[in-house]
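First residue of the sequence shown? That's 467 in my numbering, and the numbers climb one at a time after it.
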Amino acid sequence: MNDLTNFIYPNIQLHQPDEYFLDRTVLSSRNDEVDEINATILGKFPGEKHVLMSADSIDLDNPHDGNYNPYPMEYLNSLNVSGLLLAKLVLKVGCPLMLLRNLDPSEGLCNGTWMRVLAIRSRVLHCKIISGDARFANKAVMIPRIQLSPSAETLPIPLKHRQYPVRLAFAMTINKSQEQSVKYVGINLQTSVFSHG
Numbered sequence: 467m468n469d470l471t472n473f474i475y476p477n478i479q480l481h482q483p484d485e486y487f488l489d490r491t492v493l494s495s496r497n498d499e500v501d502e503i504n505a506t507i508l509g510k511f512p513g514e515k516h517v518l519m520s521a522d523s524i525d526l527d528n529p530h531d532g533n534y535n536p537y538p539m540e541y542l543n544s545l546n547v548s549g550l551l552l553a554k555l556v557l558k559v560g561c562p563l564m565l566l567r568n569l570d571p572s573e574g575l576c577n578g579t580w581m582r583v584l585a586i587r588s589r590v591l592h593c594k595i596i597s598g599d600a601r602f603a604n605k606a607v608m609i610p611r612i613q614l615s616p617s618a619e620t621l622p623i624p625l626k627h628r629q630y631p632v633r634l635a636f637a638m639t640i641n642k643s644q645e646q647s648v649k650y651v652g653i654n655l656q657t658s659v660f661s662h663g
């Protein structure tokens with residue numbers, strides 16, 4: 467893994483321009499592998515780590531909630547439900563992010579927009595758009611936490627999940643990479659990509 471990440475991201479420990487991040491990525495087939503690659507590269511990235519935990523709670527106003535015993539926060543944070551954002555988000559100032567939800571398309575905040583972290587505040591991420599429409603290039607934006615609630619079919623617990631709708635953008639899934647143009651691509655083949663037959 468280190469050989470792959472060092473090849474795609476040489477000199478990551480130095481401060482790099484926006485184009486450096488737009489020109490390269492590591493592709494993997496599974497989200498858990500992408501998270502592992504992102505964490506590895508973030509460890510080499512300069513700066514102090516900031517751990518941002520989601521704010522999870524049980525929706526007690528839900529009429530279909532039944533009689534749920536209080537769940538410990540550790541348990542709620544450990545749930546990895548499809549469609550929900552990561553409970554634990556680790557960032558550094560300057561690292562590249564990808565927006566995972568459409569927040570305000572008229573301001574360039576669309577699913578798939580690449581940004582860089584300018585500052586990490588208590589309630590918002592202060593970022594700069596580095597991809598997409600040229601009208602929004604280098605635009606400073608504030609990214610708030612958003613609330614998501616999974617459907618009862620996905621998770622039988624009426625969960626309220628609040629987290630920043632972003633993901634580190636050093637690596638991404640092969641599916642998410644569609645319509646992306648990058649010069650330097652590494653492909654992680656830890657797990658079989660073409661195993662369906």
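Ideal placement from N, C-alpha and C gives every residue a C-beta, glycine not left out.
Cβ-heavy atom distance, residue i to the ligand ZN, below 7 Å
i    : result
I596 : With respect to the ligand ZN, the structure shown offers nothing to examine, as it has no ligands at all.
Simplified DSSP state of residue i, which is helix, strand or coil
i    : result
G509 : helix
K585 : According to the sequence shown, residue 585 is Ala rather than Lys. The answer is strand: DSSP assigns A585 an E or B state.
R601 : helix
S494 : strand
D469 : helix
P571 : helix
I503 : helix
L655 : coil
Check whether residue i and residue j have beta carbons under 8 Å apart
i    : j    : result
Q613 : L555 : no
I640 : S495 : yes
M564 : T506 : no
Contacting residues, own chain, Cβ-Cβ under 7 Å from residue i (five flanking each side not counted)
i    : result
L470 : V492, G652, N654
N504 : L634, F636, A637
E642 : The amino acid at residue 642 is misidentified as Glu; the sequence shows Lys. Contacts found: none.
D599 : G574
Residues near residue i by beta carbon distance below 8 Å, same chain, minus five either side
i    : result
I586 : H516, L518, L557, V559, H592
K649 : D489, R490
N568 : L575, C576, N577
R601 : G574
Which residues DSSP lists as bridging residue i, in chain order
i    : result
T639 : S494
R633 : M564
Proximal residues to residue i (C-beta, below 6 Å), its chain only, five neighbours per side dropped
i    : result
D484 : I596
F670 : The requested residue 670 does not occur in the structure, where the chain is confined to residues 467 to 663.
* Asked: Do the segment 506–521 and the segment 468–479 make contact, defined as three or more Cβ pairs closer than 8 Å?
  -> yes
| Are at least three pairs of beta-carbons, each pair with one atom in the segment 601–608 and one in the segment 630–647, less than 8 Å apart? | no
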